[in-house]
Amino acid sequence: MKKLTKEGYINGILKLFYIMAKNRLRIPKEFELLGHTIIIEWNDNLEFDEEAYGLAECIKNKIILQKPNKQYGVTQVEETFLHEVIHLIFDNTSHRKESKNEILVDIIASLIHQMLISAKYTKENDLIMKIKSKK
0 MKKLTKEGYI
10 NGILKLFYIM
20 AKNRLRIPKE
30 FELLGHTIII
40 EWNDNLEFDE
50 EAYGLAECIK
60 NKIILQKPNK
70 QYGVTQVEET
80 FLHEVIHLIF
90 DNTSHRKESK
100 NEILVDIIAS
110 LIHQMLISAK
120 YTKENDLIMK
130 IKSKK
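Residue 36 in numbering that gives the first Met the number 0 sits at position 37 of the sequence shown, and the numbers go up by one each step.
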């Protein structure tokens with residue numbers, strides 16, 4: 000595994016969050032995290048218990064998500080995706096104790112979700128990001 004610098008870690012997370020915010024939280028089919036390609040899989044009946052609708056498999060570089068349905072809407076899918084991403088970040092940066100703290104992971108995921116869906120952008124912001132991404 001590559002040695003991770005603080006700057007590389009922060010840049011990777013910011014890039015993921017920028018892509019998600021720009022696309023209004025479209026869930027990707029895959030993304031890069033700490034040098035690993037993370038694959039997203041969908042399942043029609045993914046229920047580990049009454050409250051778990053996603054699973055992060057760190058060793059397999061995979062997130063499995065419950066497809067939205069009448070009981071489980073798009074907002075819950077978005078938050079679950081972020082929740083599982085937070086697990087992968089903690090697990091891949093040797094913060095396993097924090098990863099097992101479901102309340103902490105939920106709080107972080109919910110706050111990031113709120114920030115991303117409520118973010119307001121100007122055309123100037125988009126132009127700056129396009130210029131930076133071309134470098």
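Heads up, the beta-carbon is just placed ideally off N, CA and C, and yes, glycines get one too.
Determine the DSSP secondary structure at Gln-70, reduced to helix, strand or coil.
In this structure, Gln-70 counts as coil in the three-state DSSP scheme.
For Ala-55, name the three-state secondary structure that DSSP assigns.
strand
Grab the span of the beta strand (DSSP E) containing His-35 for me, first residue to last.
35–42
Would you identify the three-state DSSP class for Asn-22, choosing helix, strand or coil?
Note that Asn-22 scores a pLDDT of 47, beneath 50, so its modelled location is shaky; the value from the coordinates is reported in the next line. Three-state result, Asn-22: coil.
Taking Cβ positions, are Glu-31 and Lys-61 nearer each other than 8 angstroms?
It is not a contact, given that the beta carbons lie outside the stated cut-off.
Quick one: is the Cβ of Gly-72 within less than 7 angstroms of any heavy atom of the ligand FAD?
No copy of the ligand FAD occurs in the structure displayed, which carries no ligand at all.
To the nearest angstrom, report how far apart Asp-90 and Leu-54 are at their CA atoms.
Asp-90 and Leu-54 have their alpha carbons spaced roughly 13 angstroms apart.
Per DSSP, which residues does Gln-65 bridge with? Please list them.
As DSSP reads the structure, Gln-65 sits in a beta bridge with Asn-42.
At what residues does the alpha helix (DSSP H) containing Ser-98 begin and finish?
95–98 is the span of the alpha helix (DSSP H), which, as asked, contains Ser-98.
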